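Undergrad: Position one of the sequence shown corresponds to residue 226 (our numbering), numbered consecutively onward.
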Amino acid sequence: KLPALLQSELLPQGAASVELLQALAGNPSLSETLQLELAIHKDTKVREKLAANENRSDDIERKLLKDSEASVRAALIRDYGWIDDETELQLAQDSALSVRLALASNDWLRKTTQLILARDPKKEVRARLLEREDGVTSGLKRMTQEILAHDSDVTVRELLAAYPNLEPSAQL
């Protein structure tokens, strides 16, 4: 664990080196005080690194959820594992398309979040629920599949038709 005294000494040094603050923001043993300082830092990359830090506090997560930069909000999304319920729902309704796309790429979404994204006004978000770089999509709930089966966009329906775990009720 990084001692609190060392953390407090590194913060002023970061004024001269944003790269130092970015590295510090990714440290899993940051004090709440230092997390708060980094959460309001003017450099977007510092806030992104802090948002991606899986050991950030719940208070810091809520603060970063309101960040003006979409890239910071998107960095809150974890590739593996769960996201806090409230955070996940707010990200699903984020005004930035890039945030909703990043969230739709997550295989660990709750049913409510999947349903929100399946009804997203942007077809890119709806399609992203079914697209993966590795070609493997898992965990789409039955109701989500049924909504996507009736999507107005043919591309979304084609992606669903190729979904390996297609429920009988969503088959065209």
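Glycine is no exception: its CB is placed at the ideal position from the N, C-alpha and C atoms. Every value quoted in this text rests on a predicted model; they were computed, and no experiment measured them.
Can you list, in chain order, the residues of its chain with a C-beta nearer than 8 Å to that of L322? Leave out the 5 residues immediately preceding and following it.
TA: K347, E349, V350
Undergrad: Which word fits D292, buried or exposed, when buried means at least 16 other C-beta atoms lie within 10 angstroms of its C-beta?
TA: buried
Undergrad: How would you call A387, buried or exposed, if buried means at least 16 neighbouring beta carbons within 10 angstroms?
TA: In the assembly as shown, A387 is an exposed residue. Its beta-carbon has fewer than 16 other beta-carbons within 10 Å.
Undergrad: State the start and end residues of the unbroken alpha helix (DSSP H) segment that holds R353.
TA: 348-353
Undergrad: Hey, is Y388 close to the ligand NAP, as in C-beta under 7 Å from one of its heavy atoms?
TA: Because no ligand of any kind appears in the structure shown, any question about the ligand NAP cannot be addressed here.
Undergrad: Using the three-state DSSP reduction, which class does K267 fall into: helix, strand or coil?
TA: coil
Undergrad: Going along the chain, which residues of its own chain have a beta-carbon closer than 7 Å to the beta-carbon of R281, five neighbours each way excluded?
TA: Q260, L275
Undergrad: Which residues in the same chain as A195 place their Cβ atom closer than 6 Å to its Cβ, once the five residues preceding and following it in sequence are excluded?
TA: The question about residue 195 has no answer here: the residues shown for the chain are numbered 226 through 397.
Undergrad: Using only CA atoms, which one of E279, T380, E356, E244 lies nearest to P253?
TA: E279
Undergrad: Comparing C-alpha positions only, which one of E257, H266, T337, E286 sits nearest to L246?
TA: Measuring C-alpha to C-alpha distances from L246 to each of E257, H266, T337, E286 identifies H266 as the nearest.
Undergrad: Return the chain-ordered list of same chain residues with a C-beta closer than 8 Å to the C-beta of R367, the five sequence neighbours on each side being excluded.
TA: E392, S394, A395
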